[in-house]
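J.: What follows is a single structure, and I will ask about it in a moment.
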Amino acid sequence: MRNTYTVAQVTTYIKNMFIQDFFLKSISVKGEVSNCKYHPSGHIYFSLKDGSAVMPCVMFASSRRGLAFRMKDGDKVIVTGAVSVYERDGRYQLYAKEISLEGAGALYERYLALKSELEEMGMFAAEYKQPIPGYVKKLGVVTAPTGAAIQDIRNIALRRNPYIQIILYPALVQGEGAAMSIVKGIQMLDAADVDVIIVGRGGGSIEDLWAFNEEIVARAIFECRTPVISAVGHETDFTIADFVADLRAPTPSAAAELAVNDFRSVLERISGYRDRIHRAMWNRLDMTLGRYEQMKTRLQYLGPENQLREKRQYALDMENRLQTGMEQILVANRHILSIYLERFEGLSPLRKLNQGFSYVSDLEDKTITSVHQVKAGDRIMIAVTDGSINAQVCDTREVVRI
Numbered sequence: 008m009r010n011t012y013t014v015a016q017v018t019t020y021i022k023n024m025f026i027q028d029f030f031l032k033s034i035s036v037k038g039e040v041s042n043c044k045y046h047p048s049g050h051i052y053f054s055l056k057d058g059s060a061v062m063p064c065v066m067f068a069s070s071r072r073g074l075a076f077r078m079k080d081g082d083k084v085i086v087t088g089a090v091s092v093y094e095r096d097g098r099y100q101l102y103a104k105e106i107s108l109e110g111a112g113a114l115y116e117r118y119l120a121l122k123s124e125l126e127e128m129g130m131f132a133a134e135y136k137q138p139i140p141g142y143v144k145k146l147g148v149v150t151a152p153t154g155a156a157i158q159d160i161r162n163i164a165l166r167r168n169p170y171i172q173i174i175l176y177p178a179l180v181q182g183e184g185a186a187m188s189i190v191k192g193i194q195m196l197d198a199a200d201v202d203v204i205i206v207g208r209g210g211g212s213i214e215d216l217w218a219f220n221e222e223i224v225a226r227a228i229f230e231c232r233t234p235v236i237s238a239v240g241h242e243t244d245f246t247i248a249d250f251v252a253d254l255r256a257p258t259p260s261a262a263a264e265l266a267v268n269d270f271r272s273v274l275e276r277i278s279g280y281r282d283r284i285h286r287a288m289w290n291r292l293d294m295t296l297g298r299y300e301q302m303k304t305r306l307q308y309l310g311p312e313n314q315l316r317e318k319r320q321y322a323l324d325m326e327n328r329l330q331t332g333m334e335q336i337l338v339a340n341r342h343i344l345s346i347y348l349e350r351f352e353g354l355s356p357l358r359k360l361n362q363g364f365s366y367v368s369d370l371e372d373k374t375i376t377s378v379h380q381v382k383a384g385d386r387i388m389i390a391v392t393d394g395s396i397n398a399q400v401c402d403t404r405e406v407v408r409i
């Protein structure tokens, strides 16, 4: 009877055959990229094709450090990895570990080796990076005189600051002698005492940009006393010069924006500072005037003239209080005196005399109040209202009180 197997068993058997094949464990395949998709997880799915066949490929996110450029459909690449079977779909595919552009593999290896060597030497270290000046007066540019890079730099720099001076060193940026030309440009502009140097060019292939991967260019940038901005290629292009430079710009246009401060924003800041100073001065003046008025008031209050006025007013108040008090005392005493006068008037002998009474005394002015004090024949004086009467006692008679 014929043996029967499941699909999974057959697929697993085929996968084991791939795994056991030493040739397929590490293989480099060249072709054109198609259906390239960057998954949100970080994996890259694509296909390699030539005129006769198509091979599905995948590069996992953990292997993307072996990719130095952003891959797109139509790129001619060399993919190194292992061929195995994806059991779920029952198809084989190439699991990529490294991807390089076709024709640039050797250059890319040289690039990685030099990058690693210079990094170990500390030429990429952050502590050696110089700060870019905030306000640049003289801008040095090392690039081709006829390329689009210098036009972009000029247009943007002059738009941001029409007073800036741009000094161009017309260098070769591609081909034989380009690296030495770039080095000479950096050295001459460094000696010209410019504020910032932009070194760069437009985009291109790795071969076109190779002059900026040369060690002599990297050392010239590292040894330059003037801050250097690297602006080579497009945003996805990285060269050795980018890592050594004090600042990397994704494009020449961006380099001009990073190097040259916007003149209008500076004027706006100055205007803002001027307004703040004016407000601060007026506020300070208002505070000073307020303190002046306060001190003036205190001086007027504490001054001799005011003190004399205060003392004079106090003396007047005390005088008024004393006079008022005296008047009140006099009124009170007059009232008491009038009461006493009324009382004394009731007791006054004259009043008694006026009422018909008289005052009797002997010749020695002793008051006679009893019949026993006189006898017949004594001389007495009788005081009446309008005078006195000299009389003689004829007889006395005693009144008996019941």
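Letter by letter, the sequence shown follows residues 8 to 409 in the numbering used here. Backbone N, C-alpha and C fix where the C-beta goes; we use that ideal spot for every residue, glycine too.
Around the Cβ of ASP393, are there at least 16 other Cβ atoms within 10 angstroms (buried) or fewer (exposed)?
T.: Reading the sequence shown from its first residue, position 386 is the one you call residue 393. By the C-beta density criterion, ASP393 is exposed, having fewer than 16 other C-beta atoms within 10 angstroms.
J.: Tell me which residues share the same chain as ILE163 and place their Cβ nearer than 7 Å to its Cβ, disregarding the 5 neighbours each side in the sequence.
T.: Within the sequence shown, numbered from 1, the residue matching residue 163 stands at position 156. These residues qualify, in order along the chain: SER260, ALA263 and GLU264.
J.: Take the Cβ of PRO234 as the centre, count every other Cβ of all protein chains shown within 10 Å, and call the residue buried at 16 or more, exposed below.
T.: To locate residue 234, count along the sequence shown from 1; it is residue 227. Sixteen is the threshold: when 16 or more other Cβ atoms of the shown chains lie within 10 Å of the Cβ of PRO234, as they do, the residue is buried.
J.: Between the beta-carbon of TYR170 and the beta-carbon of ASN268, is there less than 8 Å?
T.: As a working mapping, residue 170 is identified with position 163 in the sequence shown. As a working mapping, residue 268 is identified with position 261 in the sequence shown. No, they are not a contact pair.
J.: What is the C-beta distance between ALA185 and ALA218, in whole angstroms, given that I count them as a contact (C-beta under 8 Å)?
T.: Here residue 185 is taken as the residue at index 178 of the sequence shown, counted from 1. Here residue 218 is taken as the residue at index 211 of the sequence shown, counted from 1. Confirmed, Cβ separation roughly 4 Å.
J.: Alpha carbon to alpha carbon, what distance is there between ARG271 and TYR176?
T.: Residue numbering aside, residue 176 sits at position 169 when the sequence shown is read from its first letter. Residue numbering aside, residue 271 sits at position 264 when the sequence shown is read from its first letter. Approximately 28 Å, taken between the alpha carbons.
J.: Note down, one range per segment and in chain order, each beta strand (DSSP E) of at least 3 residues found wholly within the stretch 146–190.
T.: 172–177
J.: Of all the options GLN399, LEU125 and HIS342, which has the alpha carbon lying nearest to the alpha carbon of VAL251?
T.: For the purposes of this step, residue 251 is identified with residue 244 of the sequence shown, where counting begins at 1. When each option's Cα is compared against that of VAL251, the closest is LEU125.
J.: Which class does LEU323 belong to by DSSP, given the choice of helix, strand or coil?
T.: Walking along the sequence shown from the start, residue 323 turns up at place 316. Note: LEU323 maps to helix in three-state DSSP.
J.: Within 8 Å of any Cβ in chain C, is that where the Cβ of VAL239 sits?
T.: Absent from the structure: chain C. Only one protein chain is present.
J.: Could you tell me how far apart the beta carbons of ASP202 and LYS136 are, in whole angstroms, since I believe they sit closer than 8 Å?
T.: Position 195 of the sequence shown holds residue 202. Position 129 of the sequence shown holds residue 136. So it is not a contact: roughly 16 Å between Cβ atoms.
J.: For TYR299, report the span of its beta strand (DSSP E) as first-last.
T.: By 1-based counting over the sequence shown, the position of residue 299 is 292. Looking at the DSSP string, TYR299 is not in any beta strand (DSSP E); the run it does join, the alpha helix (DSSP H), is 270–309.
J.: Are the Cβ atoms of ILE236 and LEU254 separated by less than 8 Å?
T.: Taking the sequence shown and counting its residues from 1, the one referred to as residue 236 is at position 229. Taking the sequence shown and counting its residues from 1, the one referred to as residue 254 is at position 247. Yes.
J.: If I measure Cβ to Cβ from PRO63 and keep anything under 6 Å in the same chain, skipping five residues before and after, which residues do I get?
T.: For the purposes of this step, residue 63 is identified with residue 56 of the sequence shown, where counting begins at 1. If we look at PRO63 and ignore the five residues flanking it on each side, its Cβ neighbours are SER54 and GLN100.
J.: Using the C-alpha atoms, what's the distance from ILE204 back to ILE139?
T.: Counting from 1 along the sequence shown, the entry for residue 139 is found at position 132. Counting from 1 along the sequence shown, the entry for residue 204 is found at position 197. Their backbone Cα atoms lie some 10 Å apart in a straight line.
J.: Find out if the Cβ-Cβ distance for the pair ALA103, MET130 is shorter than 8 Å.
T.: Within the sequence shown, residue 103 is the residue found at index 96, counting from 1. Within the sequence shown, residue 130 is the residue found at index 123, counting from 1. No, they are not a contact pair.
J.: Below 8 Å on the Cβ atoms is my guess for ILE387 versus VAL381; work out the distance and round it to an integer in Å.
T.: By 1-based counting over the sequence shown, the position of residue 387 is 380. By 1-based counting over the sequence shown, the position of residue 381 is 374. With 8 Å as the limit, ILE387 and VAL381 qualify as a contact, their Cβ atoms being about 6 Å apart.
J.: Does the separation of the CB atoms of ALA374 and SER368 fall below 8 Å?
T.: Residue mapping note: residue 374 aligns to position 367 of the sequence shown, counting from 1. Residue mapping note: residue 368 aligns to position 361 of the sequence shown, counting from 1. The amino acid occupying residue 374 in the given sequence is Thr; Ala does not appear at that position. For THR374 and SER368, yes; Cβs fall inside 8 Å.
J.: Could you round the C-beta distance between LYS56 and GLY38 to whole angstroms and report it? I think they count as a contact, below 8 Å.
T.: Position 49 of the sequence shown, counted from the first residue, corresponds to residue 56. Position 31 of the sequence shown, counted from the first residue, corresponds to residue 38. Indeed they touch by this definition, with Cβ atoms about 6 Å apart.
J.: Hey, would you say ILE266 sits closer than 8 Å to ALA248, going by beta carbons?
T.: Reading the sequence shown from its first residue, position 259 is the one you call residue 266. Reading the sequence shown from its first residue, position 241 is the one you call residue 248. Checking the sequence, you will find Ala at residue 266 rather than Ile. Taking C-beta atoms as the reference points, ALA266 and ALA248 fail to come closer than 8 Å.
J.: Just mark SER59 as buried or exposed, buried being the case when its beta carbon has 16 or more other beta carbons within 10 Å.
T.: Residue mapping note: residue 59 aligns to position 52 of the sequence shown, counting from 1. Of the residues assessed, SER59 falls on the exposed side of the cut-off, its CB having fewer than 16 other CB atoms within 10 angstroms.
J.: Compare the Cα-Cα distances from ARG72 to each of GLY49, GLU127, GLU94 and MET24 and report the closest residue.
T.: Your numbering for residue 72 matches position 65 in the sequence shown. The option with the nearest alpha carbon to ARG72 is GLY49.
J.: In angstroms with no decimal places, state the Cα-to-Cα distance between ALA198 and SER188.
T.: Stepping through the sequence shown from its first residue, residue 198 is reached at position 191. Stepping through the sequence shown from its first residue, residue 188 is reached at position 181. Whole-angstrom Cα-Cα distance: 15 Å.
J.: Could you please give the first and the last residue of the uninterrupted alpha helix (DSSP H) stretch that includes ASN23?
T.: As a working mapping, residue 23 is identified with position 16 in the sequence shown. First-last of the alpha helix (DSSP H) with ASN23: 14–27.
J.: Going by the beta-carbon positions, is the gap between VAL149 and ALA120 smaller than 8 Å?
T.: Taking the sequence shown and counting its residues from 1, the one referred to as residue 149 is at position 142. Taking the sequence shown and counting its residues from 1, the one referred to as residue 120 is at position 113. No, they are not a contact pair.
J.: When the Cα atoms are used, what is the spatial distance from ARG319 to LEU296?
T.: For this step, residue 319 is matched to residue 312 along the sequence shown. For this step, residue 296 is matched to residue 289 along the sequence shown. Whole-angstrom Cα-Cα distance: 32 Å.
J.: Excluding the 5 residues flanking ALA155 on each side, which residues of the same chain have their C-beta closer than 6 Å to its C-beta?
T.: Reading the sequence shown from its first residue, position 148 is the one you call residue 155. Excluding residues within five positions, the ones whose Cβ falls inside 6 Å are GLY209.
J.: With respect to the beta strand (DSSP E) encompassing PHE219, which residues constitute its N-terminal and C-terminal limits?
T.: Translated into positions along the sequence shown, residue 219 becomes position 212. Counting along the chain, PHE219 falls outside any beta strand (DSSP E), and DSSP gives it neither H nor E.
J.: CB VAL36 to CB VAL86, shorter than 8 Å?
T.: Counting from 1 along the sequence shown, the entry for residue 36 is found at position 29. Counting from 1 along the sequence shown, the entry for residue 86 is found at position 79. Against a cut-off of 8 Å, the Cβ pair of VAL86 and VAL36 comes out as a contact.
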